[in-house]
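In the numbering used here, the protein residues as written are 22 to 306.
The beta-carbon is built from N, C-alpha and C at its ideal position, and this holds for glycine as well.
Treat the numbers as computed from the prediction; the structure is a model and nothing was measured.
All remarks here apply to the structure that follows.
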């Protein structure tokens, strides 16, 4: 966070600051309560806000179903009383409360479906809903941008895939064929205006937090990752080239990704460039 803040603050004099935003759900849902409280408390004496404030406060001992029901009522009030709330809070703060409340609600809905899932069909429904929420968040930010401004998204490769339908995998995946990946949706809305970079690795360790998943990345023989590892330790490679050797990138191949899961696609259909690192390691200070 400090590095990103410094990147924005150290821009040349006269240039606009960079603005950062999150667009995923909160898989450890609940942190949004504090953000909402900090904003709503400024207007706690306004009668239009009092009932809403109660619905947007954390309630100890609630079940997840009760929490979702309460947040659903809050979101409904925010929608039904949009004119009054926007007048009292101002357009910017009203939109923030609306977006933050929806994110909180959608995050708990995802958890309710995904956490107890014991089959791929159930988990795929959650993944599709998650991808839809992410797309809505990005569209919201996009709607507030000036025409000349640029948008940079950082996420796992398959969330940013330009043609998710051509990725073949077992199990759950972004969009899960029930909804476009966020990258695919944006690519279709802005053809020829999207430049996508995928990061690939061959082996190493990750900093993923789940103790039931392996943190070790092992080289997969015959995968695109293992072939790139023979080229060098780290490099950037465009996926479109007249060089005949680039034909490999337009060929469907196994690719190892997050959690060492393997999927199959032609990477030239998904990304414009590859940032490759032969050996990766967990995040360090």
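Buried versus exposed, by CB contacts within 10 Å (16 or more), residue 156: buried
Nearest-angstrom Cβ-Cβ length linking residue 218 and residue 286, presumed shorter than 8 Å: The pair is not a contact, with the Cβ atoms about 16 Å apart (cut-off 8 Å).
From 296, 176, 206, residue whose alpha carbon lies closest to that of residue 183: 206
Rounded Cβ spacing between residue 115 and residue 106 (contact assumed at less than 8 Å): That belief holds up - the Cβ atoms of residue 115 and residue 106 are roughly 5 Å apart, short of 8 Å.
Contact check, residue 171 vs residue 224, beta carbons under 9 Å: no
Per DSSP, the bridge partner or partners of residue 300: 224
Every unbroken beta strand (DSSP E) inside the stretch 247-304 [3 residues or more]: Qualifying beta strand (DSSP E) stretches, in chain order: 255-259, 274-277, 283-286, 294-301.
Proximity below 9 Å, CB of residue 128 to CB of residue 96: no
Nearest-angstrom Cβ-Cβ length linking residue 245 and residue 275, presumed shorter than 8 Å: 7 Å between Cβ atoms; contact.
Three-state secondary structure (DSSP) of residue 46: coil
For residue 184, the first and last residue of its enclosing alpha helix (DSSP H): First-last for residue 184: undefined, no H or E at that position.
Range covered by the alpha helix (DSSP H) that runs through residue 75: Residues 68-76.
Sufficient close CB pairs (3 or more, under 8 Å) joining the stretch 275-284 to the stretch 201-216: no
Simplified DSSP state of residue 121, which is helix, strand or coil: helix
Selection from 48, 55, 173 that minimises the alpha carbon distance to residue 134: 48
Cα-Cα separation between residue 130 and residue 254, rounded to whole angstroms: 42 Å
Proximity to residue 53 [Cα-Cα], best of 117, 68, 271: 117
Proximal residues to residue 109 (C-beta, below 6 Å), its chain only, five neighbours per side dropped: 67, 69
Helix, strand or coil at residue 85 [DSSP, three-state]: helix
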